[in-house]
Structure formats: structure tokens, C-alpha cells
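Take a look at the structure below.
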Amino acid sequence: MTFELNELGEEFTKDLNRRGRFTIFAFSGKEESILDLVLSFEINDKLKSIANFLILKSQTVNAIRATEAIEEIVSQYKIPESTTRRAFQELVKEGILFKPEVLLNGNPCDKAYCYQFYGKKEILNSLSRNKIAKSNNHNRNTIEDQESIKSSIESMGLTLADIDAKKHLKDGLLFYPSLIPLQYLSLAPEKRNGKNYVKEEFSHVVGNETTGRYAIEAAAHDQVVTTPAILTLMALINLSIAYNAKMLQSGRYQEPFENKEVPIHLLDIIYVRGIKDSGQARIRIRNHIQELRETIYNWIDLTGIKDENMKDIFGSKDFQYIVGLKTNAEISPVKLRNGRIRTNPMLFFIKFNDILIDKLKSKRLLFTLPYKIVMDDPLIFTFYLVLRQMNRSRESILLRDIAEKMYYMNSTNKLYSLLKDRLEENYKAESNVFEDNDFVFDYNLCGYYLSFNKNPDGDRTVHLYCDHEEMIKHSGAEYNPKLKDYNAPTLPNPVYASAETVEEIQTREKAQNIASTLLQMYLDESTRRTLQYRRLLIGNKSLDVSAYTTNEELSVYSIIISQQFDIEEDVVDIALNFIKEVVKPLGYSEFTISMSKFHKLKAHLVDVHNLELDTIELINLTKHFRLKNMQLWYNEDYESVAKEVLSRITIMQYV
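Residues in the sequence shown are numbered from 1 upward in steps of one, following full-length UniProt numbering.
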């Protein structure tokens, strides 16, 4: 459906054209006939009051600007502005209002948005549809929903197994600073508030001097990106990296993001976000994705000095994180028996901005961040990022200096109060933590030991000590004791777009052939159908390959196979990694056990219970764990899991 602005008259149109982006309500004059129908909807009183106001307004004017309507609603009904803005979206969802495409002289008008009321026939259909929807669990996945997802995947030439890439997620979240500038977190509201435009000015700082000013604006149709949506963006980026890594390793892709549409399942997003699956959680994630799709960022130079750290993101006008979005509900909608369409978007085909994709592909190394910090709280996430960027090992830092780097908009005292409350809740240091001269550290932020103090001038300070090894291990990166302080919280980028030579292509193909030969001719048949591992019988040795086989173990295997068959070690190593891709990690539902958590349990059994198990023994003892035990393991309650392992050993001894 379309709406031509010129229908409102030349004077009204000219007045609108003098403005920036605007939203209007356009009326046909027939809205009064639907009033009784609208009031029969099972919606709250505020929605009914707002719909009633708009219908009454339609009897006196043919259009009204949304800002004017909001002012009158706030004045007459005492409904807050943010609630009123959300109400407009609710009326769209209920099928009472719709948003036509706006035209000016027959051409699309990008800066204008419009709401109109549906006619009586459409309202009746919506009323019936809503009653049906309310009688069913809208978030329950039915057989029809599963078929919709399967059909959507197949339309892309994929299978359900192809899109399951959780195994390729790292122990830490992969990140690069310019992907999500801290200014974006500063701009973003903490929750949905109906604001569709925000703008803030920032300083360009070189050394200790402010050399210029610039502004960033974010605009959307309904709601600008919120801080929880940015955390969801982190999950989407990591899931897209994992998916592309899987496609590259399987040989389905020859280069990363070969197909720029990345299939991501809603439950995988919830898994990475670390939140409990529920109807409300699904709604929030869908809202986050819509915010990321709609919000447009623009960088405005105020003094002629461009910020080098921002130029990649702001190199183009109207930057959006997500430039294309489809769901299974659109590609393969579910038709109910009565002919109605049921929408339950569970699978998203997301196309990121080319700038973001190019940035991801160009970095040989990516930083790693602890899941807990990133997904726990946006303020703590920003605070942690600044500590990482400052790269201090032991120092007292003015809190106001940290606030500046966080682009924090409120007072230092407010920041202190919020940080203290949130650190108290989740990051209290153990009582026996080491002391540093006169300081006792109160908090441990994944390797950053912190306490708040005041200097002689009365300024708030953060006394900091970074335990380098602990920080790196918490981040999900690998720590090499031989490198000591030269270790970094980084991992190789799985989607780094290095040009593959003819020799590299030949090596990969040779490795694939070796992997096939090993699995066909040297496999212990008793492990062929085992999900978690494969056993290769090479000479008089048994080589077990699982998701938890370390790189060091694979190197030893490579030497054995290389000597047995006179094949290059590096080619064998690649072949063994192909085999490693075939097996599954332990897990139940969304609780997948990572390499580090598996080996931490092994170490705990040795250190606390003097029980040494090899990898396959531990897999066999735990592979039938149900939800409770896998959840305990996933949450790193190693003692509880160890007791369960010991009880199973005892049972086996008596069998």
C-alpha cells in the first residue's frame, strides 16, 4: 500500500518538506465506522484511548503530525510520551493501524513515515486472527513451524545441520574495537523508550588535548538501537563468524561470507546471550534485530578534524549494521487450517553491512572477551573495554579519565555508584585476595583486580592490578607460559580472508583425501557411529580424536601417522582436523561443553579427587548426562559434576 503526500494539499506538504524526518497520521474520513470494532479488541485501556483519540481527530482533519498527536495525548490522557510511541507500534501489531509506503510526486519519500487505519474488512480479519493467536502459545514451536524453518533453509540450498555452527564458537567472544565504537553504547538508550532519533556531540582528543568536535546521530523509524540490542549484535557477529568458519572448513565456501546472507536461529542467539528461553526473551531478541535493521548512523564533523578511529565505520553516509533481513515466516509462512497465516519468526537470514564484513575479513587476529562480561551488563562491558584499551598493569587511574573514554554522559559520582553496585553483585573478590601495599582489592573483573578510592584532592580513583595470565584465560584466549607477558587476549580470526595459493589448495585437497582414507580403512568400527569421538588404529597404536583433543595431541598423532605412511606432518595435521570436525562436543540442549570446561573438569578430578581419567573415559562417563548435570558443568560447578562422575564409576564397579 502507498500514500501520496500531495493528497494532503500543497501548503501542508511544503510545511512538511521544510522539516527533517517526520511521521504523520493520514485519515480517509471513514474512521468513525470502525470505532466500535476497535474498542472490541482485547487490548489495554491506554491503547483504546489512543485509538479513540485518533479516530475522533480524523473527523476534523485529514492528517496530523505524530509529534502534535503525542503532545495532545500526553495532555489529555496523561499517558507518557514513550508509552504513546510504543502504543502506535502495538496498534500496528494488533492489525488496527498500518504503515503504507510514502510517495511524493509518485516517488518514494525516504524521510517520511505514515500511519493509517485499516478498513472495516481488514479490522474484522485482524480481530479473528488475534483471537486465534491468543488461544495458542505463539512462541511454541509447532510441527508447522519446524517445516517452515526446514523449507526456508532448503530454499537457500542448505540443511539443518549446515546452520548449526555453535561448535565453531570460541571460548571467548571475538571482537574488534572499531566494529562497535564506544560512542554507540553511549548513544543507545538502556531500554526501548520509543525514541526514534538521538544525537550527541563528542570531543576529538589527541594526547591530553581536545582538538576538535564531532556529532553522531542515530535515526530509526520506530526505535533506535538500545544497549541490549548492541549485546545481541555481538552475539550475531560471533554466530556469523562461526557459521562462515564452518562453511570454509567443510569446503562449502571458498572465501568467507561467500553468501552474505547468514542463517541464524533465534535459539542460538539466546544461547550466546546466555539468557533463559521464554516468550518474552524471544520477543526482545526480535526487537533487537529490528532495531539493528532500522537504525541509521551518521557522523557529522563539526571542526574539520576527522577521528581516525571512526573513519572506517563512518566512511559512508547512512551506516546500518544490518542491511538485509528475511525470516522463515516470510520465506515459508505457516498456513493454519482456517487459511490464516501464523507468523513465528525463528530463523533469520541476516545480511550485514559490507563495511562490517570487510573489517571482519581483513583482521588476522581478533580480540577475545569474556562471555560473562559482554552479556551481563552494557555498563560493565563498556568499563571493561576501556580497561583493556588503557592496557595498564598496576596503577591508580582517575575515574573521570575512565568516564571520558567510556563517553559516559552523566557525572563521575553517578558512574561510581552504578559501577560499585554492579561489581558488588557479580564481581566481589575472594576474601583472601592478595594485598598491594595499602590497598585491598574489593573486586575481580575477570583478571582486573579493582578498588575505588579518593586521591588527596578528593577525586575518585580506581586502583587497578591486572593479573595478565588470569585476564587472558578469562577472555577465552590461549595462554602460553613460555611467552609470559607477550601473551595477548587474541585468537586467529577464523574468517580472515587470506589469498589461498595453488599449493595451499592442493594441500587441503590432499588432506581431505587422507582423512577419507583414515576413516574408511583405519577406523575402529566400534566408534563409527559414536557421536563424540573416532578411534584410528595405526600400527599398534590407538589414536582417539574428539572435540576435546588438544592441538598438542593432534601434533603427536600427526608424527605417528606421518612416520607410518611417509606423509608430510602438516598435511596429516590438516586431515586430523577434518576428522575432528565430524565429531560432536558433549552437551544438552543449549548447554554445550567447551574444550576449556572439559579439561578443567579433568584437572579438578585429579587435583581434588586424585582421579586421572583419559579423554575418552571421561566422555563415556558423561555423554549420557541429562540437563541438570550438563547445566552444572556449563556453569563451571566442577565439584558437583565430579561427584556425579564418581557415583557413576561406583555404579559401574558393582555392575
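Note that beta-carbon positions come from the ideal geometry of N, C-alpha and C, so glycine has one too.
Glu581 sits close to Gln249, with the two beta carbons spaced by under 7 Å.
Where Thr461 is concerned, the enclosing beta strand (DSSP E) starts and stops at 460-466. Using a Cβ-Cβ distance cut-off of 8 Å, the segment 223-233 and the segment 278-295 are in contact, since at least three pairs of beta carbons, one from each stretch, lie closer than that value. Beta-bridge annotation (DSSP): Pro492 is paired with Leu365. With a minimum length of 4 residues, the unbroken runs of alpha helix (DSSP H) contained wholly in the segment 535-567 fall at 551-565. With contact defined as three or more Cβ pairs closer than 8 Å, the segment 343-351 and the segment 485-495 are not in contact.
The beta carbon of Phe367 lies closer than 7 Å to those of Phe175, Tyr176, Pro489, Thr490 in the same chain, with the five residues before and after it left out. One alpha carbon belongs to Leu618, the other to Val641, and they sit about 11 Å apart. Rounded to whole angstroms, Val102 and Lys600 show a C-alpha spacing of 59 Å.
Annotation: the continuous beta strand (DSSP E) that includes Phe348 extends over 347-352. Around the Cβ of Arg192, a 10 Å sphere holds 16 or more other Cβ atoms; the residue is buried. Here Leu91 is buried. Its C-beta has 16 or more other C-beta atoms within 10 Å.
Our two residues, Val386 and Ile402, have alpha carbons roughly 7 Å apart in a direct line.
In its chain, beyond the 5 residues on either side, Leu399, Phe452, Arg460 have a beta carbon closer than 8 Å to the beta carbon of Tyr416. The C-alpha of Leu450 is placed about 50 Å away from the C-alpha of Met156. When C-alpha distances from Pro333 are compared across Ser558, Lys363, Gln146, the shortest belongs to Gln146.
When C-beta atoms of the segment 73-84 are compared with those of the segment 44-54, three or more pairs fall below 8 Å, so the two segments count as touching. Here the segment 593-612 does not lie against the segment 553-569, with fewer than 3 beta-carbon pairs under 8 Å apart. Secondary structure at Lys120: helix, using DSSP grouped into helix, strand and coil.
Per DSSP, Val225 lies in no beta strand (DSSP E) segment and is marked neither H nor E. Distance from the Cα of Ile70 is smallest, within the candidate group His463, Ala281, Thr83, for Thr83. About 6 Å separates the Cβ atoms of Ser589 and Leu627, confirming a contact at the 8 Å cut-off.
When secondary structure is reduced to three states using DSSP, Lys199 falls in the strand class. The distance from the Cβ of Asn298 to that of Lys317 is about 6 Å, consistent with a contact at the 8 Å cut-off. Contact between the segment 160-175 and the segment 469-478 is present: 3 or more CB-CB pairs across the two stretches fall below 8 Å. A straight-line Cα-Cα distance of about 11 Å links Arg286 and His265. Beta-bridge partners of Asp301 (DSSP): Tyr214. Under the three-state reduction of DSSP, Thr60 is assigned to coil, being neither helix nor strand.
Under the rule that a run must span 3 or more residues, the beta strand (DSSP E) segments found entirely inside the segment 62-117 read 63-65, 101-104, 112-117. The three-state secondary structure of Pro263, taken from DSSP, is strand. Per DSSP, reduced to three states, the secondary structure at Ser594 is coil, with no helix or strand assignment.
If you look at Leu158, you'll find it isn't in any alpha helix (DSSP H); DSSP assigns it neither H nor E. Exclusion of the five residues before and after Glu395 leaves Leu464 as the residues of its chain whose Cβ lies within less than 7 Å of its Cβ. Here the alpha carbons of Asn196 and Pro378 stand approximately 20 Å from one another. Minimum Cα-Cα distance from Ala497 among the listed residues Ile153, Ile73, Lys363, Val571 corresponds to Lys363. Closest in C-alpha terms to Ala66, from the list Cys109, Ala26, Met234, Ser40, comes Ala26.
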